[in-house]
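Chains as they are written, first to last, in our numbering: chain A, 579 to 1298; chain B, 7 to 307. Cβ coordinates follow ideal geometry from the N, Cα and C atoms, glycine included. Worksheet for the structure shown next.
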Amino acid sequence: MNFLNTAILVGLAAGAIPLIIHLFHKSRFKVVKWGATHLLSTVVRTNQKRIKIEQWILLAIRTAIPILLALMMARPMWHAGSGLLGDRPTATVVLLDNSYSMEAGRAGTSHFSLARDETMRLVGGLKPGSESYVYLMGEETGVLDEPTRDLTRLTRTLAKAGSGYGMARVPAAIEQVTGTMDQMTEGIRQVIVLTDFQRVSFPITEDKALGQALERLKNLPVRPTITLWNVGGDARENVAVESLDFSKLMVGVGQKVQIRANLRNYGDNPRPDLRVVMKVDGREQSTTQVALGAKAQSQVLFSHVFDRAGSHVVEIATEADAVSGDNSMLASIPVRDRLGVLLVDGAPGAAPDDLKSETGFAQIALSPFAAGKVEQADLIETKVVDAANLTTNHIADAAVVVLANVATLSEATLAALEQFVDRGGGLLVFTGDRCDPAWWNGAFAKLAPLPLGARTGEPGDTAPTMGVLGQRFEHPALEMFNDPRNGSLSDFALKAWFRFKSPEVTGKPDDPVVMARLGNGDPFLVEKPFGKGRVIACATALDSDWSNLPARPSYLPVVQRLCTALASTVNPPRNLRVGEPLTFFVPLENVGKPALLTLPDASTVDDTVAGRGDHGVVEYPQTRRPGLYTLVPSDGIPIHCVVNVDRAESDPERLTDSEIQNLAKSHGLQLVRSAEEFKALDKVQRYGRELWQWALIGLLVLLFVELLLQQKFARGGART
Amino acid sequence: MAHVSDFLKPSDLHRISNLQVLARQVVEGFTSGFHRSPHKGHSVEFKQHRQYVQGDEIRRLDWSVFARSDRHYIREYEEETNLRSTIILDRSGSMNYAGSTAGGVSKYEYATKLAACLAYMMVHQADGVGLTTFDTKIRSHIPPRSRVSHLRVILNELEKGKPGGETELGEVFHELEAKLHRRGLLIIISDCFGEVASFLKALAHFRHARHEILVFQIWDRDELEFPFKSWTQFDCMEQEGVKHLLDPAMLRQSYMENLAAFRDSLVRGCRRNNIDLVPFCTDEPYANALAAYMTRRLGRR
C-alpha cells in the first residue's frame, strides 16, 4: 500500500477533532437546578451503561470519519506481490484468432475486425521500447516473423491481416508462442489471447493439452501474465456446406457426374428455402432450394456433364451468412478424355466380349454404354488382350492394367509392367484356376501385394460360399459402400479363392493394406504401393467361375472404382486440407519455365517449374488460407488445387460464461471482455489498484451510520 | 402587609371579576347535593313571598301572613353555599424551578398567584377559604373563613413562604387530614412530584372523608419538553448533592417516556377517585388557564 498524495496524510490528525469536541462539550457543561429529578434519576440509572457504550460508538465513528476522509484524499494504492510496473516497457505476445468463425459478428462488423482493431490499439499503446509479437492462430503464423520493437511496422502489417482461416487451435498456438516469448528480452511479460471461445478451439474436455501448454508458458524463467480476451458475441446462426461427394472417382468428358453436397444448419432458426448454387469453373450451372431445419443436416444432389478435359473446379455455395468461410465448398476435378484400361485375359474365350472369357463381364462393367450401344460416353476405354499376346506396347498405352487369371508373364513383359507401375500406373490382379502360386511368389513377388497361399473352396455349383465382411471401408475405391444406399459388398458369395499370406507389418509407408476381408477373415482385396503407382490384388476370379461377383449389382461400381482409384493416383492430390503442401505436376515441356500461382486472396506468386523424373513440379507449402489455388504454367493449361478447412470450425457453439470463468480460474488466467476492462486491468498491474473509491464508500457509510445511530440513540432503544 | 395587588395584576383582577359568575356556577356545582349544614338558620336568607300553588310543601306556608291576610303564601329563601374550601400549596424545592420559557416566573410564584386568585374569588363570593402550605411537612395552616379580612391573612402567608425541602405529599396529606374537621373543597396546587402511589392513596383518603378535591398541577415547559441540547449538569433542587452530568439529547426520549408514564398514572389515579387533575404550565397566563378549566368544567355539568 502506498499513497499518491502523501502530504495529505497529515490530515489524519483531524481524527482528534471529534475527540476534542467531545471533551470540550463535556467540560463546558451548563448547570441547571432541576426540579423533576425523580423523572430524570430513574432514566439516568437505567440507561447509564448503555449511554456510555453508545457515546463510545458515536465517538469512534466520528473519529473515523475525518481519518477516512484524509485517507481518501491521500489516494491510497494497493498492489499485491512485488513492485509495480509503472511505465516500464514490456514484452507482449498477442494471440489473435483469425479462424473463419471470427467472421461472425454484428451490424456488419466481424468479431475479427473488432479483435484486430483492439490488437492494433493495444500494440500501438504499448510503452515505448516494448517488444511485441502478434500470432494469428487460424493462419498459424506471426504477423511478423519475430518479435519486434518497431510497433508502428507491426501495427501497419497487422492492419492487413484477414480472417477466414482454418480452426484456431489454442493449445498449439500457446505452445508455438512459448518459444517466441522465451526469446524476448524485456522482463515484464504478458500474453493476451483474443478469441471467440469457440468450443472446438478450446478442448476443455481434454484439458490436458491446454493445461500443459499453459503450464509450459507459466514455467518460463520469467513468468508472463496471461489474459484471455473474449471477443466473441452470441452469434449462433451458421449454415455450412460440410462436404462434397462425387459419384465417380475419375470423371470423363461427356460423362454425367453426380455431386452430393452435405449441408448443415448449426443455428436455432430453420432455413425453409435455402438457395444452393452449383458453380463450375466460376460459372453458375444449377440452382436449387432446400429446406433446412434448425440444427438439421440435409443433402443436395447436383449433376453435371463436363464438356472438355482438364482441371475443373466445382463449387457448391449457399446463401451467404456472416461466417463466409463455410458458405461454399470447392472441389478440384480433373476431367479426362478417356481412361485406358488394358484387360489381360489369362483364360480367353471364343471372342473378346465372350462372357465365358475371363474378362467378358469386366469389359461390360467398365464400358457399359459402349457394350449396350448407348450414345453416352464411357470414361473407361477397355482393350482386351490375351495373356499370351501381351507386349510392352499394350502396357504403355494404358492407365490401368488388369491381370485376370494370368498364369505367368514373360520376363520382358513383367519388367515393362514393373516400370509401368513404378511410374504411376495402376495394376489390378485377379486370381483364378490358372493362377500359379509359384510364379506369383517368385517372379511376380515384387509387384504382388501379398504372397499367395493355398487355394480354398471348390467352384462347383453346390459348393458352400463365403461372403465379404461388411465393415467400414477406408479405401477411396470402396468407401461409397459405407453408405448402404450405394449397394453393398456383402451380397458377394465366393465359392473358391486364394488365401493371401498374412502381411508383415513393418510400419513403412509401402506396407500392403487389406482393403476388404472375407467372412472368415481372409483378405479379399489387398493393395500395395509400388513406386509412384499401386497394385491391388483380389483373392478370387474376375469372372463368374469362382463367385457370383458379376451377377451382383455392386460388381460394376467395384470394378469401375478400383480402376479409377488406381488411375487417379497418377496425380498428386488436388483437394487438400489447410496446412497440407500443394504439389502440381505439369508436363515436362514446362520445366525451367515460369509458372504463375494464383492464391485464394487473388494475389499471385511467380514460380519456376522444377524437373523431376518425367514431369515438372511446382510446390507451394503455405496453404493456411483455404480456397482455390490455380497454377498456370507456361503452356497455359491451368491446374486447380482446392484447400478446404475442417468444418469443425463451423460449429458456432462457444464455451459458456461459467466455463470460461472456470478455465480462467483453474489456470490462474485473467479474463477481460472489452478494451476498457483490459485497460483497467493493465492500469492495476502497472500502478496498483486505487482504493479511494472504497474509502469514499466507507466514508459515506460511516456518515450515514453516524446519522442513523445518533437518531436511534437519541430516540429509541432506551429503557425507561 | 400584603395586598391582593401584590399578587394579582389589575388585568388579572378584571379577568377574575369576569370569572365571578362563572366561578359561582362552578362552585354551586361542587356544593349542590351536600348542603347539609347543621346550622340551618344561618344558611337561609329570605328572598320573597309567592302565592301557594298545589303541590307546595305545607310546612313552607307563612302562617303569619296567612293570619294577617287570610291568604296562602309561601316563603322563598336565597340558598347559600356555605362552601369551605382549603387551598393546599406545595412549597417544596422542586416548585422553585423557573424555566427559560416562563419569563423568570418560578412554579412557586405561579402557584401563589393561582392561590391568591382562587382565595380572592372565594372570599368575594362569600365562601370560606383556608390555606395550607407544606413541603416535607405542614408549614402553615389557616382554617377557612369567609370574611373579606381573611383574604389578607391568606395573602400574607402566601407572601411570607419560600419554597425549599423535598416533596412528600403522601405523609403531609395524612397529617393534614386530621386538621380538616369539616368536609369541603380541597384545592391542591402542586407539581405532584414524588411517589405517585402514596399521593394517590392520600387523595383517596381525602375522598373517603367526603372531601371534594381539585388538583392544580403546576408544570414548567422545560419539564414537559426537556429541550436541553448541550451537556448539562442537573442539580437536584430538593436534595443536596444529587447531580447528573449528561448529554440530554441522548436521554430525552426515555425522559419523555418516563414523564408520560408518570402523568398517565396520575391521571388514571385521579380519575379513579373522581378527582379533577388540571395541569397548568407556567408559560401560559393562569387566569386564562383557570378560565379555560372552569368553562370546561361547566360544560361537563
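Using a beta-carbon distance below 7 Å, is residue i in contact with chain B?
i: Val-621/A; result: yes
i: Ala-1296/A; result: The predicted position of Ala-1296/A is uncertain, since its pLDDT is 42 and thus under 50; a value taken from the coordinates is nonetheless stated next. So, interface residue.
i: Ala-638/A; result: no
i: Ile-770/A; result: no
i: Ile-631/A; result: no
Quick one: does residue i have its CB under 7 Å from some CB of chain A?
i: Asp-385/B; result: Coverage of chain B is limited to positions 7 through 307, which leaves residue 385/B absent and any answer about it impossible.
i: Tyr-299/B; result: no
i: Glu-4/B; result: This structure leaves residue 4/B out entirely; chain B is present only between 7 and 307.
i: Tyr-114/B; result: no
i: His-292/B; result: The question names His, yet the displayed sequence has Tyr at residue 292/B. Judged by the 7 Å Cβ criterion, Tyr-292/B is not in contact with chain A.
i: Leu-265/B; result: yes
i: Ser-271/B; result: no
i: His-257/B; result: Checking the sequence, you will find Leu at residue 257/B rather than His. So, interface residue.
i: Ser-1/B; result: Residue numbering for chain B in the displayed model covers 7 to 307; residue 1/B lies beyond these limits and cannot be assessed.
i: Ser-260/B; result: yes
i: Tyr-126/B; result: no
i: Gly-167/B; result: no
DSSP state of residue i, grouped into three classes?
i: Asp-241/B; result: strand
i: Gly-167/B; result: coil
i: Met-579/A; result: coil
i: Cys-198/B; result: coil
i: Gly-292/B; result: Reading off the sequence, residue 292/B comes out as Tyr, not Gly. Reduced to three states, the DSSP call for Tyr-292/B is helix.
i: Pro-149/B; result: strand
i: Leu-304/B; result: helix
i: Leu-192/B; result: strand
i: Gly-1097/A; result: coil
i: Val-27/B; result: Its pLDDT being 49, under 50, Val-27/B is placed unreliably by the model, and nothing is read from it.
i: Phe-857/A; result: It is worth fixing the name first, because residue 857/A is Lys in this sequence and not Phe. Reduced to three states, the DSSP call for Lys-857/A is strand.
i: Trp-634/A; result: helix
i: Asp-760/A; result: helix
i: His-1193/A; result: strand
i: Tyr-711/A; result: strand
i: Trp-1124/A; result: coil
i: Gln-60/B; result: coil
i: Val-1187/A; result: coil
i: His-78/B; result: coil
What residues in the segment 593-627 of chain A bring their beta carbon closer than 9 Å to a beta carbon of chain B?
Listed by position along the chain: His-603, Lys-604, Ser-605, Arg-606, Phe-607, Lys-608, Val-609, Val-610, Lys-611, Trp-612, Gly-613, Ala-614, Thr-615, His-616, Leu-617, Leu-618, Ser-619, Thr-620, Val-621, Val-622, Thr-624, Asn-625, Gln-626.
Evaluate the contact criterion for the segment 226-242 of chain B versus the segment 648-655 of chain A: three or more CB pairs, one atom per stretch, below 8 Å.
Short answer: they don't touch.
Members of the segment 189-222 of chain B that neighbour chain A once the beta carbon cut-off is set at 9 Å:
Those would be Asp-197, Phe-199, Gly-200, Glu-201, in chain order.
Going along the chain, which residues of the segment 232-255 of chain B sit with their C-beta nearer than 8 Å to a C-beta in chain A?
Under the 8 Å Cβ criterion, the segment 232-255 of chain B contributes Phe-234, Ser-236, Trp-237, Thr-238, Gln-239, Phe-240, Asp-241, Cys-242, Met-243, Glu-244, Gln-245, Val-248, His-250, Leu-251, Leu-252, Asp-253, Ala-255.
In chain order, what residues of the segment 169-189 of chain B put their CB closer than 7 Å to some CB of chain A?
Cβ proximity to chain A below 7 Å picks out nothing from the segment 169-189 of chain B.
What are the complete beta strand (DSSP E) segments, minimum 3 residues, inside the segment 220-279 of chain B?
Within the segment 220-279 of chain B, the complete beta strand (DSSP E) runs of at least 3 residues are 238-242, 249-252.
At 4 residues or longer, and completely inside the segment 106-140 of chain B: list those alpha helix (DSSP H) runs for me, N to C.
Fully enclosed alpha helix (DSSP H) runs of 4 or longer: 113-130.
Is the segment 175-186 of chain B touching the segment 206-218 of chain B, taking contact as three or more C-beta pairs under 8 Å?
Three or more Cβ pairs closer than 8 Å define a contact, and the segment 175-186 of chain B meets that threshold against the segment 206-218 of chain B.
So, does the segment 913-928 of chain A touch the segment 864-882 of chain A, judging by three or more C-beta pairs under 8 Å?
These segments do not touch.
Are the segment 836-850 of chain A and the segment 1224-1235 of chain A in contact at 8 Å, needing three or more beta carbon pairs?
A contact exists between the segment 836-850 of chain A and the segment 1224-1235 of chain A.
For the pair the segment 878-897 of chain A and the segment 958-968 of chain A, tell me if three or more CB-CB distances fall below 8 Å.
Between the segment 878-897 of chain A and the segment 958-968 of chain A, the count of C-beta pairs closer than 8 Å stays below three; the two stretches do not touch.
Closer than 8 Å is the cut-off here; do at least three beta carbon pairs connect the segment 821-835 of chain A with the segment 900-917 of chain A?
Two segments are said to touch when three or more pairs of C-beta atoms, one from each, lie closer than 8 Å; by this definition the segment 821-835 of chain A touches the segment 900-917 of chain A.
Segment contact, 8 Å Cβ cut-off, at least three pairs: the segment 1091-1108 of chain A with the segment 1014-1032 of chain A
Of all C-beta pairs linking the segment 1091-1108 of chain A to the segment 1014-1032 of chain A, three or more are shorter than 8 Å, placing the two stretches in contact.
Which full runs of the beta strand (DSSP E) of 3+ residues lie inside the segment 827-885 of chain A, going along the chain?
DSSP runs (the beta strand (DSSP E)) wholly in the segment 827-885 of chain A: 834-843, 849-858, 861-870, 875-883.
Using 8 Å as the Cβ pair cut-off and three pairs as the minimum, do the segment 102-116 of chain B and the segment 141-148 of chain B touch?
Here the segment 102-116 of chain B does not lie against the segment 141-148 of chain B, with fewer than 3 beta-carbon pairs under 8 Å apart.
Give the list of continuous beta strand (DSSP E) stretches no shorter than 3 residues that lie fully inside the segment 634-705 of chain A.
Entirely contained in the segment 634-705 of chain A, the beta strand (DSSP E) runs reaching 3 residues are, in chain order, 654-656, 669-674.
Taking only runs that begin and end inside the segment 910-977 of chain A, name each unbroken alpha helix (DSSP H) of 4 or more residues, in chain order.
Considered as a whole, the segment 910-977 of chain A harbours 938-944, 946-949, 970-974 as its complete alpha helix (DSSP H) runs of no fewer than 4 residues, in chain order.
Chain A contacts from the segment 129-149 of chain B (Cβ-Cβ distance under 9 Å):
So nothing in the stretch comes that close.
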